[in-house]
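Quick note on my numbering: the sequence shown kicks off at 344 and runs consecutively.
A short worksheet on the structure shown next.
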Amino acid sequence: MAAAKKAVLGPLVGAVDQGTSSTRFLVFNSKTAELLSHHQVEIKQEFPREGWVEQDPKEILQSVYECIEKTCEKLGQLNIDISNIKAIGVSNQRETTVVWDKVTGEPLYNAVVWLDLRTQSTVENLSKRIPGNNNFVKSKTGLPLSTYFSAVKLRWLLDNVKKVQEAVEENRALFGTIDSWLIWSLTGGIHGGVHCTDVTNASRTMLFNIHSLEWDKELCEFFGIPMEILPNVRSSSEIYGLMKISHSLKAGALEGVPISGCLGDQSAALVGQMCFQDGQAKNTYGTGCFLLCNTGHKCVFSEHGLLTTIAYKLGRDKPVYYALEGSVAIAGAVIRWLRDNLGIIKSSEEIEKLAKEVGTSYGCYFVPAFSGLYAPYWEPSARGIICGLTQFTNKCHIAFAALEAVCFQTREILDAMNRDCGIPLSHLQVDGGMTSNKILMQLQADILYIPVVKPSMPETTALGAAMAAGAAEGVGVWSLEPEDLSAVTMERFEPQINAEESEIRYSTWKKAVMKSIGWVTTQSPESGDPSIFCSLPLGFFIVSSMVMLIGARYISG
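Given below as structure tokens:
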């Protein structure tokens, strides 16, 4: 019986999915795309100062080892032979910046996370050096100058961390986004680890020319980045190197398995949702919210606040595909904030129960601009507000408003995408951890006023990385030909309110967004100077005090 089961499964593909909130390792059947087993570990985020967000690169790496080990144990319990794992793909949180010592293998500073705001004054100073009639940064990278992307984080590390400066001078420093750190470590680290990245991750650094597909000398000079610390740029689907298992890892059967897929998490989700045609789009609900639309071989530049980015390049000799992207900084992170900072829920799943109790926000609106506003505003002066509060407001209304905030932000980037593309989307394909929340999905359909379509297997990010790995030349266990792709069962959410009500709620949201802009009215000091609070309007303290009072009144129920 067991032998028959093993024979039916055929080749398997693993995927490391390293996100902002957690790490996972998942194993798929390459012939059916069925998820066979997985393990997940939550990752700590550190907030050493106002606006700073960091993670420990060693904790991230250890979480990958733990997830691989536990998943292999689970497969063993299912009587599945792990020697059938023929390839491994990597998907990762993008832009998050790591610099490490290639001699010792030690990180030289914590990973500076994509949400981090410490570089705001760096961005303001650099923007003064870009000619108004020649924004060469945006024309080469597709990106606005923002704290979001890796180049300014790397510039900060070079300016402020002595260990980094010394390692660069002594030719010991390596830079990478999380994919590079993981691939280097998993392929041997100081014993011959491969220092590489793929085009999708490179395109988020602000150092990569998305037309020539190379690190750009002019951009590196502009940001003052030494090119010798940058990883080699490869396609999203090719063999980068072979697994060399850490001595602490029991899953030794993965020794020698090729790492052959690498995609930034949002590109991986686009592949996993099989959006291979020009005009196909998906929205992923994770820590942030990311709407990507495949624009084919064309680089489409947005006039409405969206990014132009690389979607994927599935093979060394395959063409590159581009995408328009709407990026929202805070989606699932707002739920984590309600749990960890306000304590009004004990687990992320509780949010649905609270929201269901009231079925409305009762006029309460929550703009979670904790890291400023991303698309379509790109407004770093914004900060989070909760408004429309009355004595009747309780934690259930705030929970509902938090879910609505995710949906309203998606509506804003969808509207921008429809204006850029000229052809409105008839439905929205969704994925990501938050899509298991049925209230959120129904709210999203109501606020967009189009159907929302969700795959029954929501792990599309990991699936995309597995597909890229399994399809790589030299592996060849996963066909990406249209006729071979597995049909996916979908759950559909139709709008249940009238269009007029949807528009009224949306226009009130936009009024709330305007109130959130301009809270930080002077340059944000990178030193964490508390005098920043002197620049905040009185309204900030009034709103904050009201939130604290409501919290005190309602946290206990």
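The C-beta atom is built at its ideal place from N, Cα and C for all residues, glycine as well.
In the three-state reduction of the DSSP assignment, lysine 858 falls in the helix class, which pools H, G and I. For the pair methionine 549 and phenylalanine 479, the CB atoms are not nearer than the 7 Å cut-off. A straight line joining the alpha-carbon of glutamate 802 with that of tyrosine 720 spans about 29 Å.
Annotation: leucine 379 to valine 856 spans about 43 Å, alpha carbon to alpha carbon. Contact check between the segment 510–527 and the segment 429–439: three or more CB pairs, one atom from each, fall below 8 Å, which counts as touching. In this structure, the straight-line span from the alpha carbon of asparagine 427 to that of proline 354 is close to 5 Å. CA-CA distance, glutamate 564 to leucine 404, rounds to 31 Å. Following the DSSP letters along the chain, one finds glycine 357 inside the beta strand (DSSP E) bounded by residues 355–361. For lysine 699, there is no enclosing beta strand (DSSP E); the residue is part of the alpha helix (DSSP H) that begins and ends at 693–701. Inter-residue distance for arginine 762 and valine 663 is about 24 Å (C-alpha atoms, whole angstroms). Assignment of cysteine 750 by DSSP, reduced to helix, strand and coil, places it in the helix class.
The beta carbons of glycine 631 and alanine 672 sit about 5 Å from each other, so the pair counts as a contact at 8 Å. Alanine 842 is classed as exposed because its beta carbon has fewer than 16 other beta carbons within 10 Å across all chains shown. Looking at the DSSP output, lysine 797 shares a beta bridge with Glu834. The beta carbon of lysine 656 is closer than 6 Å to those of Val542, Ser578, Ser579 and Val663 in its chain, skipping five residues each way along the sequence. Inclusion of glycine 807 and valine 614 in the CB contact set at 7 Å is warranted, their separation being smaller than that value.
Your pair glutamine 752 and phenylalanine 836 does not check out as a contact, with CB atoms roughly 18 Å apart and the cut at 8 Å.
Here the alpha carbons of aspartate 399 and tyrosine 628 stand approximately 24 Å from one another. By the neighbour-count criterion, in which a residue is buried when 16 or more other Cβ atoms sit within 10 angstroms of its Cβ, glycine 715 is buried. Of the candidates Gln839, Leu823, Trp852 and Val456, the residue whose Cα lies closest to the Cα of proline 711 is Trp852. In terms of Cβ geometry, alanine 742 and tyrosine 708 do not form a close pair [threshold 7 Å]. At the C-beta level, valine 456 and threonine 490 stay beyond 7 Å of one another. For the 7 Å CB-CB criterion, phenylalanine 566 and arginine 461 do not form a contact. DSSP places tryptophan 395 outside any alpha helix (DSSP H), giving it a letter other than H or E. Inter-segment contact for the segment 642–659 and the segment 772–780 is absent: fewer than three beta-carbon pairs are separated by less than 8 Å. Taken through DSSP and simplified to helix, strand or coil, leucine 458 comes out as coil.
Ranking Asp444, Ala358 and Asn453 by CA distance to the CA of glutamine 388 puts Asn453 first. DSSP, reduced to helix, strand and coil, places leucine 469 within a helical segment of the structure shown. Burial check for glycine 861: the Cβ neighbour count within 10 Å stays below 16, so the residue is exposed.
Unbroken alpha helix (DSSP H) runs of no fewer than 4 residues, entirely contained in the segment 534–616, are found at 542–545, 560–566 and 608–615, following chain order.
Taking every protein chain shown into account, the CB of asparagine 477 has fewer than 16 other CB atoms within 10 angstroms, so this residue is exposed. Between the C-alpha atoms of asparagine 780 and methionine 586 there is a straight-line separation of about 36 Å. Pairing isoleucine 572 with alanine 516 gives a Cβ-Cβ distance under 7 Å. Per DSSP, the unbroken beta strand (DSSP E) holding arginine 367 starts and ends at 365–372. Sorting Thr375, Ala805, Lys413 and Val795 by C-alpha distance to the C-alpha of leucine 597 places Lys413 at the top.
Residue range 428–435 is occupied by the beta strand (DSSP E) that includes lysine 429.
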